[in-house]
Amino acid sequence: MSRVKKQLRELAEKRYFRASVFMLAFAALGLVALQLSRAATPTANYEAEAGTRSGTACTASDSGASGGQAVKFSTTTCSGIDTSPLASLPKVAWEGGPQYWAQFSKTAAAGWTNPSFFPILIDSDPFSSGAEVQWDKDHGINGYIGGLNEYTPWSLLQQYGMYYVGDKYTSLSDGKMPDNFPNLVGYRLGDETDGIYPNPQDGYNFLNGLITQYGNRTDGRFMYNNYTQQVVQSAWAPGSTYVNNFTDAVSMDMYWYTIPGSSFTSHGAYVSSVGGPTNPRSATSYGAMVRGLRQVDEQDGKKQPIWMFVENLDGGPGEQYTRQIATGELKGAVWSSVINEARGIMWFNSAMPTGDPCSVGNVIRTAQYNANFCGKTQVQAMGEVNNQVKALAPVINTQSYQYTFGSNLETMLKWYNGSAYIFAMASNGSTPGNRTFTLPSGINSASSVTVVDESRTVPVNGGQFTDNFAAEYSYHIYKVTP
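Going by this note's numbering, the sequence shown opens with residue 4, and the numbers climb by one from there.
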């Protein structure tokens, strides 16, 4: 989306903010008790079953926020004992997983603390009927990010179990959103605010003004904002302020597959964890952005959930068409983000560049009503990967272990219900092909690994197995039961 259109959109949103909310003093939060839970015997390979849940007890401390400062966990410690075969491995530091949302009454009541819930949100996707909401839900969407006006049929969100992170419409002329609407779980402060205001202080003032207008976290809702790639550029000092001073969840967009200048050098130097991939127009570049945003987020010593945007068709600027994202690329971008510890996936749902043969304002809705829509296969692929992530949420929502399986790999290691799960892709810039995995002690006695959702197994010999990654965007998920 072009900067001009982004600015017009931001200003339009600002014009609709009509809530009159008095700012209340926000008391410093105490220790929040967190319970990391895992499900009982699963009903399938990785689906959680209702029943007794147990796990280690964890607590997270926060800095106590007020005056527009974000509530982010500074430390997370577990008092329980990890009895899994992977217990000797160090854990990947995190913000608390699903239990992070226990500190906000609206997300807690909505079930965001449930290990089976993983945020998969879409922007923007207006709806007018239950059939449209059901279509979105069938495609793995569980919420909407901004883009809905005050005349939206809000009751449909409650009816279909969907959520909204966006604007609060409460004026008498609106009359549509009920008071204390439970499915409005958070506020979107803006979109690409860092790219709209030439003077960063004006952007800070804009965000602080909205935080005050929305009650400064006194109504149980969290603050969220999305930024451009410049917040992870090493030479741009305002990036740290934008990321760390306003939000409780943060995302960024950088549509590597569909932007015109897909080059890491053309967009400025990035922070070190991005790694300077040699092939920017690739799935693993999306995960690199997650790493970069996490590095900037950690500069204040605290953590918040990092979400990542992926285009479901074309994220290029309005004035220039380059290409559309392919189905395999779309799926790979999602899994690269998750492998790099993204806590939510956001979908950019417009295809606006002049010259795009599928140019539309609402990709998923067009696919619903137009059987011949040229972006229909991408929407189908979006639904497939969303539902795969949703099914694996109980696994994804456990704390990861640090371990290196081999060269030219990007991996994430989890333990859930008696099995290890390895999420893997070929590393950026490496040649697709075979990769050899060396299993860690504790699970290296397995005779084979099951490849999730692929109806096949791979033999293990001497604690190692080899598998093929046919393309740069290929991914595999392995289940290892020792």
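Ideal placement from N, C-alpha and C gives every residue a C-beta, glycine not left out.
Considering Cα atoms alone, identify which of 358, 357, 378 is closest to residue 365.
Working through the sequence shown from its first residue, we reach residue 365 at position 362. Measuring from the Cα of residue 365, the nearest candidate turns out to be 378.
Using CA coordinates, which residue listed in 265, 289, 284 is at the minimum distance from residue 276?
Residue 276 sits at position 273 when you count from the first residue of the sequence shown. Cα-wise, what sits closest to residue 276 is 289.
Who pairs with residue 224 in a beta bridge, going by DSSP?
For the purposes of this step, residue 224 is identified with residue 221 of the sequence shown, where counting begins at 1. Note: residue 224 sits in no beta bridge, so no partner.
Element boundaries [beta strand (DSSP E), containing residue 303]
Along the sequence shown, read from residue 1 onward, the residue named residue 303 stands at position 300. It is not in any beta strand (DSSP E) - residue 303 carries neither H nor E in the DSSP assignment.
Between the Cα of residue 450 and the Cα atoms of 462, 458, 400, 442, which residue gives the shortest distance?
Along the sequence shown, one-based indexing puts residue 450 at 447. Of the candidates 462, 458, 400, 442, the one whose C-alpha sits nearest the C-alpha of residue 450 is 462.
So, residue 245 versus residue 230, is the Cβ gap smaller than 9 Å?
By 1-based counting over the sequence shown, the position of residue 245 is 242. By 1-based counting over the sequence shown, the position of residue 230 is 227. Closer than 9 Å, so yes.
Which residues mark the beginning and the end of the alpha helix (DSSP H) in which residue 381 is found?
Position 378 of the sequence shown, counted from the start, is the residue given in the question as residue 381. 379 to 394 is the span of the alpha helix (DSSP H), which, as asked, contains residue 381.
For residue 474, three-class secondary structure by DSSP:
Within the sequence shown, the letter at position 471 stands for residue 474. In the structure shown, residue 474 sits in coil (DSSP, three-state: anything other than H, G, I, E or B).
So the alpha helix (DSSP H) residue 209 belongs to, where does it begin and stop?
Numbered from 1 along the sequence shown, position 206 holds the residue referred to as residue 209. Boundaries of the alpha helix (DSSP H) around residue 209: 203 to 216.
Between 118, 154, 418, which has its C-alpha nearest residue 132's C-alpha?
To locate residue 132, count along the sequence shown from 1; it is residue 129. Of the candidates 118, 154, 418, the one whose C-alpha sits nearest the C-alpha of residue 132 is 154.
Taking the straight line between their C-alpha atoms, what separation do you get for residue 225 and residue 179?
As a first step, residue 225 is located in the sequence shown; it is residue number 222 there, counting from the start. As a first step, residue 179 is located in the sequence shown; it is residue number 176 there, counting from the start. Those two C-alpha atoms are separated by around 22 Å.
Residues near residue 187 in its chain [Cβ-Cβ closer than 6 Å; skip 5 each side]:
Against the sequence shown, residue 187 aligns to sequence position 184. Counting only Cβ-Cβ distances below 6 Å, and skipping sequence neighbours, we find 167.
Is residue 310 near residue 257, with beta carbons less than 9 Å apart?
Counting from one through the sequence shown, the residue named residue 310 turns up at place 307. Counting from one through the sequence shown, the residue named residue 257 turns up at place 254. No, Cβ-Cβ distance for residue 310 and residue 257 is not below 9 Å.
Can you name the start and end residues of the alpha helix (DSSP H) that residue 283 belongs to?
Position 280 of the sequence shown holds residue 283. Residue 283 -> no alpha helix (DSSP H), and no H or E assigned at all.
By the three-class DSSP mapping on this structure, what secondary structure does residue 144 have?
Walking along the sequence shown from the start, residue 144 turns up at place 141. Residue state, collapsed to three classes: coil.
What runs of the alpha helix (DSSP H), each 4 residues or longer, lie entirely inside the region 291 to 348?
330 to 342
Rounding to the nearest angstrom, what Cα-Cα distance links residue 469 and residue 299 in this structure?
For the purposes of this step, residue 469 is identified with residue 466 of the sequence shown, where counting begins at 1. For the purposes of this step, residue 299 is identified with residue 296 of the sequence shown, where counting begins at 1. Going by the C-alpha atoms only, they are around 35 Å apart.
Among the residues of its own chain, which have a CB less than 6 Å from the CB of residue 53, if the five just before and after it don't count?
Taking the sequence shown and counting its residues from 1, one reaches residue 53 at position 50. Since pLDDT at residue 53 reaches only 30, below the 50 mark, its modelled position is unreliable, and the value read off the structure follows with that caveat. So no residue of the chain qualifies.
Relative to the C-alpha of residue 138, which residue among 343, 452, 109, 386 is closest?
Indexing the sequence shown from 1 puts residue 138 at position 135. Among 343, 452, 109, 386, the Cα nearest to that of residue 138 belongs to 386.
Does the contact criterion of 3 or more C-beta pairs under 8 Å hold for the region 92 to 102 versus the region 314 to 323?
no
Option in 295, 118, 123, 89 with minimal Cα separation from residue 315
Counted from its first residue, the sequence shown places residue 315 at position 312. Comparing Cα-Cα distances from residue 315 to each of 295, 118, 123, 89, the minimum goes to 123.
Under the three-state reduction of DSSP, which class applies to residue 171: helix, strand or coil?
Locating residue 171 in the sequence shown gives position 168, where the first residue counts as 1. Here residue 171 sits in coil by DSSP.
Is the CB-CB distance between residue 165 and residue 190 below 9 Å?
For the purposes of this step, residue 165 is taken as residue 162 along the sequence shown, with counting starting at 1. For the purposes of this step, residue 190 is taken as residue 187 along the sequence shown, with counting starting at 1. Not in contact: residue 165 and residue 190 (Cβ atoms no closer than 9 Å).
I'd like to confirm the pairing. Which residues does DSSP put opposite residue 118 in its beta bridges?
Translated into the one-based positions of the sequence shown, residue 118 becomes position 115. Looking at the DSSP assignment, residue 118 forms no beta bridge with any residue, so it has no partner.
Kindly list the residues whose CB is nearer than 8 Å to the CB of residue 439, restricted to its own chain and excluding five residues on each side of it in sequence; keep chain order.
Counting from one through the sequence shown, the residue named residue 439 turns up at place 436. So the list reads 409, 467, 468, 469, once near-sequence residues are dropped.
At which residues does the beta strand (DSSP E) containing residue 462 begin and terminate?
Counting from 1 along the sequence shown, the entry for residue 462 is found at position 459. Counting along the chain, the beta strand (DSSP E) containing residue 462 begins and ends at 459 to 462.
Whole angstroms is fine: what's the gap from residue 474's alpha carbon to residue 431's?
As a working mapping, residue 474 is identified with position 471 in the sequence shown. As a working mapping, residue 431 is identified with position 428 in the sequence shown. Answer to the nearest angstrom: the Cα atoms are 11 Å apart.
For residue 1 versus residue 426, is the C-beta spacing smaller than 9 Å?
Since the first residue of the chain shown is 4 and the last is 485, residue 1 is not available in this structure.
Pair within 9 Å by beta-carbon distance, residue 444 and residue 87:
For the purposes of this step, residue 444 is identified with residue 441 of the sequence shown, where counting begins at 1. For the purposes of this step, residue 87 is identified with residue 84 of the sequence shown, where counting begins at 1. Against a cut-off of 9 Å, the Cβ pair of residue 87 and residue 444 comes out as no contact.
Can you give the Cα-Cα distance for residue 334 and residue 476, rounded to whole angstroms?
Walking along the sequence shown from the start, residue 334 turns up at place 331. Walking along the sequence shown from the start, residue 476 turns up at place 473. Residue 334 and residue 476: Cα-Cα distance of roughly 8 Å.
Inter-residue CB distance, residue 488 and residue 292 (contact presumed, cutoff 8 Å):
The chain is shown from 4 up to 485; residue 488 falls before or after that span and cannot be answered.
Starting from the Cα of residue 144, find the closest Cα among 303, 108, 394, 330 and give me that residue.
For the purposes of this step, residue 144 is identified with residue 141 of the sequence shown, where counting begins at 1. Looking at the Cα atoms, 394 is the closest of the given residues.
Hey, out of 130, 242, 196, whose CA is closest to residue 210's CA?
In the sequence shown, counting from the first residue as 1, residue 210 sits at position 207. Comparing Cα-Cα distances from residue 210 to each of 130, 242, 196, the minimum goes to 196.
C-beta atoms of residue 368 and residue 156 nearer than 9 Å
Here the question's residue 368 lines up with position 365 in the sequence shown. Here the question's residue 156 lines up with position 153 in the sequence shown. No; because the gap between Cβ atoms is not below 9 Å, this pair is not in contact.
Helix, strand or coil for residue 467 per DSSP?
As a first step, residue 467 must be located in the sequence shown, where it is residue number 464. In this structure, residue 467 counts as strand in the three-state DSSP scheme.
Would you mind working out which of 223, 346, 352, 344 sits nearest residue 328, comparing C-alpha positions?
In the sequence shown, the residue the question calls residue 328 occupies position 325. Checked all of 223, 346, 352, 344; the closest Cα to residue 328 is 352.
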